[in-house]
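Note sheet for the following structure.
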Amino acid sequence: MSQMSSEVLLSDSLEAMKKMQSSTIDMVYLDPPFFTNRHHSAINRNRTQKFSFSDVWNGISEYAEFMEDRLKQIHRLLKDTGSIFVHCDKNSNFLLRGLLNDVFGEDQFRSEIIWTYRRWSNSAKGLMPAHQTIFFYSKTEQFKFNRIYCPYSETTNVDQILQLRARDKFGISSYATNENGENVYGGIKKGVPLSDVWEIPFLNPKAKERTGYPTQKPVLLLERVVEISTEPGDLVLDPFCGSGTTLVAAKILGRRSIGMDCSEEAVDLAQRRLDSLEKTESALMKKGRAAYINVDSEALALLGGLDIVPVQRNAGIDAFLKISIGNSPVPIRVQRQGEHLFDAANKLAKASQSKNAIRAILVRTHEDNTLFSEIVLPENIVLVDATAFQVNQTISKLIANFLIAHTATEETSRNHYELF
Ligand SMILES: C[S@@+](CC[C@H](N)C(=O)[O-])C[C@H]1O[C@@H](n2cnc3c(N)ncnc32)[C@H](O)[C@@H]1O
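Counted from 1, the sequence shown has number 224 at position 228 by my numbering; the numbering is strictly sequential.
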């Protein structure tokens, strides 16, 4: 297989895997039949193609044997640094957990990921199912794992973001303090490590990436699996690839992939998806992030392009730069419309002092309407002009220069005329 390719094989996954070399795969994700004892079928958007696959078994032993044979092959194929992600739901999670413990070993259990999503309604009596399970096991302790950090929740205050934590002699974690009892600044933290509960929306009927394949999973979900467990160029295997979601996610993220499916229409579809990559972004996931960012979106928009951590509930500071000066954080604030520069600077200076910042940046957005032309700002404040402010200043100067030049020309030509 070439350096950056994706391959889709029409085959029973067991037969195809038996032909592959041991220890060659970096990560396997599988979304096998879930033991629903149903035929799954669905139709594409313009109703030109019907897709289906069977999930009907002669009892649970047949299903268990089917899965065990394939899990053993996957174990053989994985490199020592590799991991497996097994997607299932309430129909088979109890069985698959046991099989994974047998084949990979209980010690290699890493996480039970809960993929949760909103559903519209459910007529059945009882609680509405709103999650599926992905079991994450590694082949050895040397498994690859990339940390992902998520934004802090809107209730996180600025001290939680900045201050170092330490354990006391009883092992209890609290803010670290120095010999004077003052809190110690610990640098900007990256966010909250990704948890094992993933809220990613189900594909809605109008989603661009929706193919009509039954039980198709969202690319965003597979991207996350690929992202945490592999590096660019790594080889990903999906032995039940269906419409090819894993392969699409792998290709978007620059990983190589092999997909297998025993259905010809699935293989054709997966191939077509790889030829024209489509991913539906989630408004919900974005809205979540935006809602966290800040109430004052206008001020934050002016900080666009900077690597910052926005700050909630602080009258003096809008954000911190992710880079610090020595060990000192760099707060930043935008002057609000109608706010005097002096007031903005004072609020920032006061808030910065309590965060031990040696320098703080104030973004000036307008000229103050004040009698005093010279304002002395607090010492630690560095003033930077917003782009719009600079453009307004420049254009005012250009207009003034133009008017002066124009008046001068008129004067000269009048004098010239009078001379003759
Ligand atoms: C739940 S679907 C996978 C859906 C896929 N994750 C997606 O996003 O489109 C399970 C797939 O396994 C395939 N399958 C079932 N038995 C198989 C076998 N023995 N070998 C290979 N594929 C099989 C079915 O054809 C079906 O496409």
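Even glycine gets a Cβ: it sits at the ideal position worked out from N, Cα and C.
Reference residue i, options the options, closest by Cα
i           : options               : result
residue 53  : 67, 32, 144 and 71    : 32
residue 352 : 379, 371, 323 and 374 : 323
residue 333 : 292, 113, 390 and 65  : 292
residue 94  : 125, 69, 61 and 113   : 61
residue 350 : 198, 59, 14 and 313   : 313
residue 65  : 382, 98 and 278       : 98
residue 67  : 222, 34, 14 and 35    : 14
residue 203 : 278, 272 and 166      : 278
residue 258 : 34, 340, 402 and 51   : 51
residue 70  : 170, 96 and 310       : 96
residue 317 : 176, 327 and 89       : 327
residue 140 : 222, 198, 169 and 171 : 222
residue 29  : 16, 12, 307 and 88    : 88
residue 190 : 339, 198, 109 and 165 : 109
residue 198 : 58, 321, 114 and 47   : 114
residue 16  : 255, 306, 399 and 171 : 255
residue 382 : 403, 339, 398 and 329 : 329
residue 392 : 362, 378 and 404      : 362
residue 335 : 272, 320, 126 and 311 : 311
Residue j beta carbon less than 8 Å from that of residue i
i           : j           : result
residue 91  : residue 56  : yes
residue 72  : residue 18  : yes
residue 233 : residue 24  : yes
residue 192 : residue 107 : yes
residue 180 : residue 159 : yes
residue 224 : residue 142 : yes
residue 250 : residue 228 : yes
residue 331 : residue 4   : no
residue 205 : residue 112 : no
residue 49  : residue 201 : no
residue 423 : residue 186 : Examination of residue 423 is not possible in this model, given that the chain is present from -3 through 416 alone.
residue 85  : residue 128 : yes
residue 421 : residue 376 : Because the chain spans -3 through 416 in this model, residue 421 falls outside it and cannot be assessed.
residue 394 : residue 364 : no
residue 226 : residue 22  : yes
residue 194 : residue 220 : yes
Rounded distance between the beta-carbons of residue j and residue i, thought under 8 Å
i           : j           : result
residue 304 : residue 295 : Going by Cβ atoms, the distance from residue 304 to residue 295 rounds to 11 Å, so no, they are not a contact pair.
residue 357 : residue 380 : 6 Å
residue 161 : residue 207 : 47 Å between Cβ atoms; not a contact.
residue 7   : residue 253 : About 15 Å; that fails the 8 Å criterion.
residue 374 : residue 401 : Residue 374 to residue 401, Cβ: 41 Å. No contact.
Closer than 8 Å to chain D by CB, residue i
i           : result
residue 248 : No chain D is present in this structure, which holds just one protein chain.
Does the segment 335 to 345 come close enough to the segment 295 to 304 to have 3 or more Cβ pairs within less than 8 Å? no
Continuous beta strand (DSSP E) assignments of at least 3 residues falling wholly in the segment 253 to 335: Fully enclosed beta strand (DSSP E) runs of no fewer than 3 residues occupy 304 to 306, 315 to 317 and 327 to 330 of the segment 253 to 335, in order along the chain.
Does the contact criterion of 3 or more C-beta pairs under 8 Å hold for the segment 118 to 125 versus the segment 134 to 147? no
Can we say the segment 69 to 82 touches the segment 243 to 256, given the rule of at least three CB pairs closer than 8 Å? Cβ pair count under 8 Å is below three, so no.
Indicate whether the contact test is met: 3 or more Cβ pairs, each with one atom in the segment 263 to 281 and one in the segment 233 to 243, closer than 8 Å. yes
contact_flag[the segment 202 to 218, the segment 378 to 387] where n(CB pairs < 8 Å) is 3 or more: Here the segment 202 to 218 makes no contact with the segment 378 to 387; the two share fewer than three CB pairs at distances below 8 Å.
Stretch pair the segment 94 to 114 + the segment 30 to 49: three plus CB contacts closer than 8 Å: no
Curious, which full-length beta strand (DSSP E) runs of at least 3 residues does the segment 133 to 204 contain? 161 to 163, 169 to 171 and 193 to 195
Whole beta strand (DSSP E) runs in the segment 29 to 75 with 3 or more residues, listed along the chain? 34 to 39 and 46 to 51
Unbroken beta strand (DSSP E) runs of length 3 or more, entirely within the segment 378 to 402: which are they? none
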